[in-house]
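Below: the structure, in structure tokens.
Chains as they are written, first to last, in our numbering: chain A, 132 to 362; chain B, 5 to 584.
Below, the structure written as structure tokens:
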């Protein structure tokens, strides 16, 4: 804590004769700008401006750019279509349609995983929300499109590719090298023979869960009763 | 009002004192004091003006600074015992007693509830009442200019009412443009000459955003003006009601996008206070450091753009160099330059990088050097002095009456700074000064902002000294903060916490809270109402530049058009925050 300072006393209200002449002040100002000019000429690399697009800014490993969907060792997507990123997205730009994976160990997979890059605000909430280490971001920030359809990125453009990572590098992600986090173990690669009845059997044996209190319900559910107000 | 009795049984000392004062007021017995986060007075619309006059004039109250007026629609509010559907909530501050108070005007159940305008008591209420009229359909008898303000004039319905379907769109055509009545009258004469009405904006280089000024000129002098805003309105508050508490954070970035960090900090502080959780020191100090850097950016942009408007281009480049360097720091911390989304309820999204302190120290060296250059270029320059000194004058009384806060108020000689008036986080531990100026003109505002940047650097320097080298930046309450990823991947219990938080949001206890911080432009307040669900039931922003812009049309009268341009620059109106 400290006091209050009056800054209007710092500069005299009236300018001196020399200052009112304007020329000396102009020269003083020129000395500042010329000093900047000489400093920049002497140290071209240290100049604050960047000659984009020939030179690109070096972003940190936390940069929030285009998303990628991570893959398992066998090339399938790590995503299990749990809808958590879709729910966490404040811009509502993620659309997921889930399907049953032939491999029981994988259970679900996204048949459709679309990100509308025109809606996306690049906040990184999807990365925070993912419990399966399936969605990361890259440092790719150059996504120009000619049509609205072009702006909707589907799985084929979101799937991680070594070329893309080599070019842009990883950006915002759930954990960083050296922070002690172990990624989730890959699901066991269990073979399932189609038509063997294994999946059907599992479903039959499942014990139904008891009813529970549904709680206050999600935001803006249509079931919310309007409070009656007497006139 | 159901009970006309003043409840004094369980009140805090401040509320009890207020209740005693109300007892001796003309509305004694018809107003009730309840103790919430700040003392709250409940009153009916019939007694509102009498109470307002009393609150402003009574020596024991002296609520001279009108901060905010907003509506609340209780239609779908769970669990709250409310007698009526609509209420108007007013926030006031007393500069001499350094206290906030809230007034809740409980409105009768009516399709178009009405409460008398208090524009004559606090001129600052003008635009806030128009906003409540626009978004809630409240009628304010006695208001001089009751028109829509944020939504356009072809809009049907009142957007923030709970029964308004948010998906609706209303087409706006040229003929819907509302021209003020006085501007239509072309007969008005000034002496022997006729006056002329001109439009400045909406898209004008000097408005730095989309703001429309209609001015009547007598020669080069402005004799009357009216500002039309709302071109950047995107209904932040309705969006907040449709999202979880944490999901609002990216939306707050877009309020004052020049210092996005400050908005986020102000918002999450409100939620954290409602939850009653504590943030580790390291997290709080990182927030403070980055908020102060954001304040510097805010002032750099304001001064730089203002000087461009009056013809001094070089300063803009030097000031933006500061901003660029600060953006680099922010990007290294959170991965984005402008819309940072760095804070979370309960802490920060991620710990700062290892080289955070050296990076900050480097900035502490480069910023003052560039500020010195600006002062050499500007302070004694005759053109700058002629354009800024003596123009856009706001006296102390006017500044208070118009509800100005921040550098605007301090340049008029009032040393009100939230960081000092109600120190939050670590501000009471730092040694810094509040810069004030006496003149209240554009040059005074420029000087105050320049000095504030130096004071911010001083605060950052001290914060870096006490910043713990290691430690958590977020609370470990997993009902609020996402558990660490390692635990989510390998531990069922953590995964459940994670799932509940992402899918249902933070369960904030039912209640209401007004929290305010000092943002770049002044007092940034967030009034949040929770009814126990995962998202805000109602969230009102008290944007500091809303009051400043409301005062603009009064400030420019009597000056020239070129003075108006210089004045608009020193208001630092950010359209994202103004229009929300």
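Glycine included, C-beta positions come from ideal geometry on N, C-alpha and C. All figures in this text were calculated on a predicted structure; none of them were measured in a lab.
The Cβ atoms of residue 265 of chain A and residue 210 of chain A sit closer than 8 angstroms to each other.
Counting along the chain, residue 198 of chain A sits inside the beta strand (DSSP E) bounded by residues 198-200. In the structure shown, residue 229 of chain A falls within a strand segment according to DSSP collapsed to helix, strand and coil. At a Cβ-Cβ threshold of 8 angstroms, residue 445 of chain B and residue 407 of chain B do not count as neighbours. DSSP places residue 531 of chain B in the uninterrupted beta strand (DSSP E) bounded by 526-534.
A distance of 8 angstroms or more separates the beta carbons of residue 375 of chain B and residue 450 of chain B.
Leaving aside the five residues that flank residue 271 of chain B on each side, the residues in its chain whose CB is nearer than 6 angstroms to its CB run, in chain order, 256 and 530. Taken through DSSP and simplified to helix, strand or coil, residue 289 of chain B comes out as helix. Proximity of residue 156 of chain A to chain B, defined by a Cβ-Cβ separation below 8 angstroms, is satisfied. DSSP places residue 154 of chain A in the helix class (H, G or I) of the three-state scheme. Along the segment 353-380 of chain B, going in chain order, the ones with a CB nearer than 8 angstroms to a CB of chain A are 353, 354, 357, 377 and 380. For residue 489 of chain B, the chain A residues whose Cβ falls inside 7 angstroms of its Cβ are 305, 306 and 312, in order along the chain. The criterion of a C-beta distance shorter than 8 angstroms is not satisfied by residue 303 of chain A and residue 312 of chain A. Bridge partners of residue 459 of chain B according to DSSP: none are assigned.
Residue 564 of chain B is bridged by DSSP to B:225. The Cβ of residue 315 of chain A sits closer than 8 angstroms to at least one Cβ of chain B. Linking residue 477 of chain B to residue 532 of chain B through their CA atoms gives a straight-line distance of about 24 angstroms. Judged by DSSP in its simplified three-state form, residue 54 of chain B adopts helix. The way I'd put it, the segment 76-90 of chain B doesn't touch the segment 20-33 of chain B; fewer than three beta-carbon pairs between them come closer than 8 angstroms. At a Cβ-Cβ threshold of 8 angstroms, residue 422 of chain B and residue 404 of chain B do not count as neighbours. Neighbourhood of residue 218 of chain A in chain B, by CB distance below 7 angstroms: 506 and 507, in chain order. In this structure, residue 255 of chain A keeps its C-beta atom at 8 angstroms or more from the C-beta atom of residue 380 of chain B. Within the segment 70-156 of chain B, the runs of alpha helix (DSSP H) at least 4 residues long that lie entirely inside it are, in chain order, 129-140. If you keep only unbroken alpha helix (DSSP H) runs of at least 4 residues inside the segment 274-336 of chain B, you get 285-313. DSSP lists A:227 as the beta-bridge partner residues of residue 244 of chain A. The beta-carbon separation of residue 279 of chain B and residue 484 of chain B, rounded to 6 angstroms, stays under the 8 angstroms limit for a contact. Taking 8 angstroms as the cut-off, the Cβ atoms of residue 76 of chain B and residue 122 of chain B do not count as close. Around the beta carbon of residue 475 of chain B, fewer than 16 other beta carbons sit within 10 angstroms, so the residue counts as exposed.
Distance from the CA of residue 335 of chain B to the CA of residue 304 of chain B, rounded to the nearest whole angstrom, comes to 18 angstroms. For residue 547 of chain B, DSSP records no beta bridge to any residue. Residue contact with chain B for residue 164 of chain A: present (Cβ-Cβ distance below 8 angstroms to some residue of chain B). Rounded to the nearest angstrom, the gap between the Cα atoms of residue 238 of chain B and residue 155 of chain A is 50 angstroms.
Between residue 201 of chain A and residue 291 of chain A, the C-beta gap is smaller than 8 angstroms, which places the two residues in contact.
Rounded to whole angstroms, the Cβ separation of residue 129 of chain B and residue 73 of chain B is 6 angstroms, and the two are in contact under 8 angstroms. Measuring C-alpha to C-alpha distances from residue 140 of chain B to each of B:93, B:98 and B:183 identifies B:93 as the nearest. Cβ neighbours of residue 224 of chain B within its own chain (closer than 7 angstroms, five residues either side excluded): 564 and 565.
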